[in-house]
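Residue numbers (the numbering used here): 1384 to 1785.
Ideal Cβ positions, reconstructed from N, Cα and C, are used throughout, including at glycine.
Remember, predicted model here, so these are calculated numbers, not experimental data.
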Ligand code: SF4
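Structure below.
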């Protein structure tokens, strides 16, 4: 698997993009995780992976979206984005996740990327605004990988994303990325309406034949103003997803990403481990994208490193989550999210100002924590990568060690 995956990437990705991902994400990304582990021992938590929602606007209306896509545009200005990345880089970070809304609707996105040639960016996008011209500009920059979301067949895509001809328009953007030899990924938020179409070898083979280099399987999070709870996967389906991923990783020449399990199959929450936190379109520092409460903002004069590392709110969220679940505190214990937000007098970071009502209306449900068994990595490369750079870093208490 490794040789065919590596040769495919070497043959189909622009050399400048390759050098960038190897150095700014591979080497410097690993170094930022080692630095994070070292700081943790001193009780300092600064996430090596910052996820920034640079604006709220989007051209689609997805089921279960928690972003204020219908509200007036709220975008982080270029100066604030640059200050945030510069400060984080000064403290050892080099990788940033760029989200929205739809990031390519931000008029300064390409200027922003151009001002950080020694950092690497993963752009979470629906792909529809990636024209040939935009893809060519990304190739010249070389420091970003588009992660294009596909949510199902043509019919399901229109239904899931609240628009017409969604899949074709996304595939056009994806094709532009591949033709410009960008390192390109496809993400899916697995739910009841797309799991049969997208969690199988036929789909992975289709992605490989299209030239896609990696895929990221998320599991649908029923949150936000319109939660569509009926789309959420069953515990059995969540187990199927995990088994499928570890099995196909050892077979298919396509890299498969997940964010919820360590090398030994123990489930984890990226927020609770502190490896990532989120910045909202308003600049608010949130524990993670679906916890829409905050007590700090990146515009804070102290700078992001000082603001993150001194946040009692983030610390309390990480520790409370790790004490109570190896899964998702929002899905399994919305009561604790409410408690923590009230305890810290956290502000509702949404423009719709209904985050607390949404949390109060949630019914606890299962998440990625598969209590009865740990489905560990089969392939040594993934086992090693996770063992040293992506696991729970020992944050979980005794009674959540199972
Ligand atoms: S709280 Fe839930 S959604 Fe947020 S990072 Fe943890 S598992 Fe993911």
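Counted within 10 angstroms of its Cβ, other Cβ atoms place residue i as buried (16 or more) or exposed
i            : result
residue 1593 : exposed
residue 1425 : exposed
residue 1585 : exposed
residue 1385 : exposed
residue 1358 : Residue numbering for the chain in the displayed model covers 1384 to 1785; residue 1358 lies beyond these limits and cannot be assessed.
residue 1722 : exposed
residue 1544 : buried
residue 1641 : buried
residue 1785 : Low confidence applies here, because residue 1785 scores a pLDDT of 45, under 50, leaving its location unreliable and the question unanswered by this model.
residue 1725 : exposed
residue 1551 : exposed
residue 1421 : exposed
residue 1548 : exposed
residue 1771 : exposed
residue 1760 : buried
Assigned secondary structure, residue i (DSSP; H/G/I helix, E/B strand, else coil)
i            : result
residue 1529 : strand
residue 1640 : strand
residue 1680 : strand
residue 1592 : helix
residue 1603 : coil
residue 1785 : Low confidence applies to residue 1785: its pLDDT is 45, below 50, so where it sits in the model is not reliable enough to give any reading.
residue 1570 : strand
residue 1730 : strand
residue 1775 : coil
residue 1659 : strand
residue 1667 : strand
residue 1598 : strand
residue 1537 : helix
residue 1523 : helix
residue 1744 : helix
residue 1507 : strand
residue 1387 : helix
residue 1480 : strand
residue 1415 : helix
Contact under 8 Å by Cβ, residue i with residue j
i            : j            : result
residue 1659 : residue 1679 : no
residue 1732 : residue 1740 : no
residue 1571 : residue 1595 : no
residue 1645 : residue 1775 : yes
residue 1517 : residue 1553 : no
residue 1657 : residue 1398 : no
residue 1606 : residue 1728 : no
residue 1730 : residue 1768 : no
residue 1639 : residue 1632 : yes
residue 1381 : residue 1556 : Look at the range of the chain in this structure, 1384 to 1785, and you will see that residue 1381 is not part of it.
residue 1495 : residue 1461 : yes
residue 1480 : residue 1434 : yes
residue 1533 : residue 1569 : yes
residue 1482 : residue 1457 : no
residue 1565 : residue 1529 : yes
residue 1396 : residue 1503 : no
residue 1442 : residue 1485 : yes
residue 1428 : residue 1698 : yes
residue 1763 : residue 1650 : no
residue 1672 : residue 1715 : no
residue 1410 : residue 1478 : no
Contact test: residue i Cβ vs ligand 3 heavy atom, cutoff 7 Å
i            : result
residue 1711 : In the structure on display, ligand 3 does not appear, and the ligands it does have are ligand 1.
Within the stretch 1426 to 1477, note down every full alpha helix (DSSP H) run reaching 4 residues or more, in order along the chain. 1461 to 1473
Extract the residue ranges of the alpha helix (DSSP H) inside the stretch 1608 to 1636, only unbroken runs of 4 or more that lie entirely within it. 1618 to 1632
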